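If you're matching them up, the sequences are chains C and H in order. The opening residue of the first sequence carries number 1 in this note's numbering; numbering runs sequentially from there. The opening residue of the second sequence carries number 1001 in this note's numbering; numbering runs sequentially from there. We treat Cβ as the ideally placed atom computed from N, Cα and C, and that holds for glycine. Owing to the predicted nature of the structure, the values given are computational and were not obtained by experimental measurement.
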Amino acid sequence: MQENELIPHLFRTEYRKIISVLYKLFGIEHIEIAEDIVSDTFLLASETWGQKGLPKNPTAWLYTVSKNKALDFLRRNKVFLEKITPEIEKTETTSQEIEIDLSNKNISDSQLQIMFAICNPCISTEAQVGLSLNILCGFGIEEIADAFLSNKETIYKRLQRAKEKLKTEKIKIELPNQHEINSRLEAVLTTLYLLFSEGYYSTSQNTTLRKDLCLEALRLNLMLTEKKETDTPIVNALLALMCFHSSRFEARTNQSGETILYEDQNINLWNIELINKGEYYLNRASQGNQLSKYHLEAAIAYWHTQKSDTIEKWESILQLYNKLLQIEYSPITALNRTYALSKANGIKEAIFEAEKLNLADNQFYHSLLGNLYSNIDNIKALQHFQAALKLAKSKADQITISNAISRLIVEKENNKS
Amino acid sequence: MKEFLLVFRRDFVLNEVQSSPEQLQAMMKPWQDWMGSLAAQNKLVNSGNRLASDGRVIKPNSVITDGPYVEIKEAIGGYIIIRANSIDEAAELSKDCPILSIGGNVEVRTLVPMD
Chain C
1 MQENELIPHL FRTEYRKIIS VLYKLFGIEH IEIAEDIVSD TFLLASETWG
51 QKGLPKNPTA WLYTVSKNKA LDFLRRNKVF LEKITPEIEK TETTSQEIEI
101 DLSNKNISDS QLQIMFAICN PCISTEAQVG LSLNILCGFG IEEIADAFLS
151 NKETIYKRLQ RAKEKLKTEK IKIELPNQHE INSRLEAVLT TLYLLFSEGY
201 YSTSQNTTLR KDLCLEALRL NLMLTEKKET DTPIVNALLA LMCFHSSRFE
251 ARTNQSGETI LYEDQNINLW NIELINKGEY YLNRASQGNQ LSKYHLEAAI
301 AYWHTQKSDT IEKWESILQL YNKLLQIEYS PITALNRTYA LSKANGIKEA
351 IFEAEKLNLA DNQFYHSLLG NLYSNIDNIK ALQHFQAALK LAKSKADQIT
401 ISNAISRLIV EKENNKS
Chain H
1001 MKEFLLVFRR DFVLNEVQSS PEQLQAMMKP WQDWMGSLAA QNKLVNSGNR
1051 LASDGRVIKP NSVITDGPYV EIKEAIGGYI IIRANSIDEA AELSKDCPIL
1101 SIGGNVEVRT LVPMD
């Protein structure tokens, strides 16, 4: 790796580890101290490494420097030390020799505890996702703004406000007790789900960034399965869902970033390893008798890893959507259910049902009807595709719809001659 | 939008024969598809419940009888709650209910919110 790439790389991989341990050490009320120490450390790295060359082990260098800076701070600020040492003493050591533990175990324990602290309903879900990206994934403000299709100032303000709120609410960085863990996990999973969706469905053209968001969501979700207290069926269900979806990552866009529809995807590009992992976690998810929306979505995603169109496949998908909609309605679920209906019960019934959906201002509603009407009533199909094109915002969607329109027009010409 | 209770009634005696899992599955599909259709229109408030055929009716003076099918031929087999703009729309939505194809009926009632 080039020297000028090393610091950004280390920033991405190490920032989040050091900051978690320091956050945990200083507590939510003093997170700016932790942030200053880590920023100073990276600043010092870029200055001295440029002049004196790289240290033998850059990661160890960062750990040592940040540890020393934290210790210096504590020694210099006796008042502070007295205030927070009672806290530290209970968990760590004496006030004289404070141990700053940057072992893998303490890093992942701290990250898990911070995950619960951040995913707190007292701040908006948008802020939860943003803070997770910032603190747990080491994303800079600019990257977060890029992912949310927003600007740096908005994101910066949003994150600052959220941190202030966590402070005033005196949120503790700790794992909730066994009674609370399930209800608190819900908020954590919602955030991870949004983080993943942000990457998977985002209209951002930056495919590398989008893939990174998905991988980060996977990594954090995996962390939950690695800790006994949080390794619940519902956590496994969400992880299975992410594995199945991610398995199609390479197949769903072409080199220029255009969407490749499911039907046209090259199965050879599907990631078998991720599909197998998905099945493994889906099996673990089916222990117990809880049926969450993540279970249903994971099961649907499982069927989509089976490319051949069997009756069993589409009937299963239809019934899963029927159940999913009863747990939680969303327009996109309603549209997907109607597509499954066309495969399981026939196109006529699906058109009849689609027209009841009352979603005329949704581009995907028109795309669905355009598809259903194709070869049945091509004039109607064309009208719907044109309506969809008007509503489509992302370039990728516009291209997909335009392709469908030109296919229809070509067929019309062929039929004439 | 108002909420409406749909009560499904049918003759329980007709269906005493034990059904195979495949038959049960085939019987359930129209129900699941219909409920899915209501949910896809965002008109399903509560998926309700199915009711077993046995029951008890309690009357004054500690009189308890088996029922209610002894007295009412059309016993309640289940219920759901839906959302609609009017009782007419709710009735319209009930027209596709699978109970109708096995000789049953649907009663539509407006829920009165408790204040």
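Nearest-angstrom beta carbon gap, residue j and residue i [assumed within contact, 8 Å]
i       : j       : result
C/L238  : C/Y294  : 4 Å
C/L369  : C/H384  : 4 Å
C/L241  : C/D231  : With 8 Å as the limit, C/L241 and C/D231 do not qualify as a contact, their Cβ atoms being about 16 Å apart.
C/Y23   : C/I173  : 6 Å
C/S247  : C/T333  : With a Cβ gap of about 21 Å, C/S247 and C/T333 do not count as contacting.
C/L291  : H/A1039 : Going by Cβ atoms, the distance from C/L291 to H/A1039 rounds to 15 Å, so no, they are not a contact pair.
C/I135  : C/V21   : With 8 Å as the limit, C/I135 and C/V21 do not qualify as a contact, their Cβ atoms being about 12 Å apart.
H/A1091 : H/V1108 : 5 Å
C/I311  : C/S367  : At roughly 25 Å, the Cβ-Cβ gap does not stay under 8 Å, so C/I311 and C/S367 are not in contact.
H/N1046 : H/I1081 : 4 Å
C/L220  : C/G199  : Between C/G199 and C/L220 the Cβ distance is about 12 Å, and since that is not below 8 Å, they are no contact.
Below-8 Å beta-carbon distance, residue i vs any chain H residue
i      : result
C/E353 : yes
C/Y329 : yes
C/A404 : no
C/N362 : no
C/T191 : no
C/T338 : yes
C/S95  : Interpretation of C/S95 is limited by its pLDDT of 46, a score under 50 that renders its predicted location unreliable; the figure taken from the coordinates is listed afterwards. By this cut-off, C/S95 is not an interface position.
C/Q290 : no
C/Y321 : yes
C/K313 : no
C/K163 : no
C/Q398 : no
C/A350 : no
Residues near residue i by beta carbon distance below 8 Å, same chain, minus five either side
i       : result
H/D1096 : W1034 and S1037
C/L62   : L10, E14, I18, T41, F42 and A45
H/E1074 : R1009, R1010, D1011, G1104 and N1105
C/K69   : I37, D40 and T41
H/M1001 : R1083, A1084 and N1085
C/C119  : Q128, S132, R184, A187, V188, T190 and T191
C/L261  : T400
C/I7    : F42, A45, S46 and W49
Residue i, buried or exposed, once every other Cβ within 10 Å from all chains shown has been counted against 16
i       : result
C/Y321  : buried
H/T1110 : exposed
H/S1101 : exposed
C/L192  : buried
C/A34   : buried
C/H245  : buried
H/D1026 : Here the sequence assigns Ala to residue 1026 of chain H, which means Asp is not the residue at that position. The residue is exposed, with fewer than 16 neighbouring Cβ atoms inside 10 Å.
C/T94   : With a pLDDT of only 44 at C/T94, under the threshold of 50, the placement of this residue in the model should not be trusted, and no figure is reported.
C/K67   : buried
C/T338  : buried
C/N414  : exposed
C/V488  : Outside the shown range of chain C, which is 1 to 417, sits residue 488 of chain C, and nothing can be said about it.
C/G53   : exposed
C/E153  : exposed
C/L112  : buried
H/S1019 : exposed
C/G27   : buried
Beta-carbon proximity list for residue i, same chain, < 6 Å, skipping 5 on both sides
i      : result
C/I351 : L372
C/S316 : W303
C/I300 : I317 and L320
C/E297 : L241
C/E250 : L269
C/P233 : A285, Q287, G288 and Q290
C/A344 : W314, E315 and L318
C/E216 : C137
is_contact[residue i, chain C] using C-beta, thresh 8 Å
i       : result
H/A1075 : no
H/L1005 : no
H/M1035 : yes
H/S1047 : yes
H/Q1041 : yes
H/L1044 : yes
H/Q1023 : no
H/Q1032 : yes
Residues of its chain near residue i, where Cβ-Cβ distance is below 7 Å and the 5 sequence neighbours each way are ignored
i      : result
C/S342 : A350 and L372
C/N336 : Y321
C/Q398 : L389 and A392
C/A381 : G370, Y373, S374 and L408
C/K165 : C122 and I123
C/N106 : V21
Contact list for residue i against chain A, beta-carbon separation under 8 Å
i       : result
H/N1085 : Structure shown: chain A not included; protein chains present are C and H.
Closer than 7 Å: residue i CB and nearest the ligand GTP heavy atom
i       : result
H/V1057 : The ligand content of the structure shown is nil, which means the ligand GTP is not present either.
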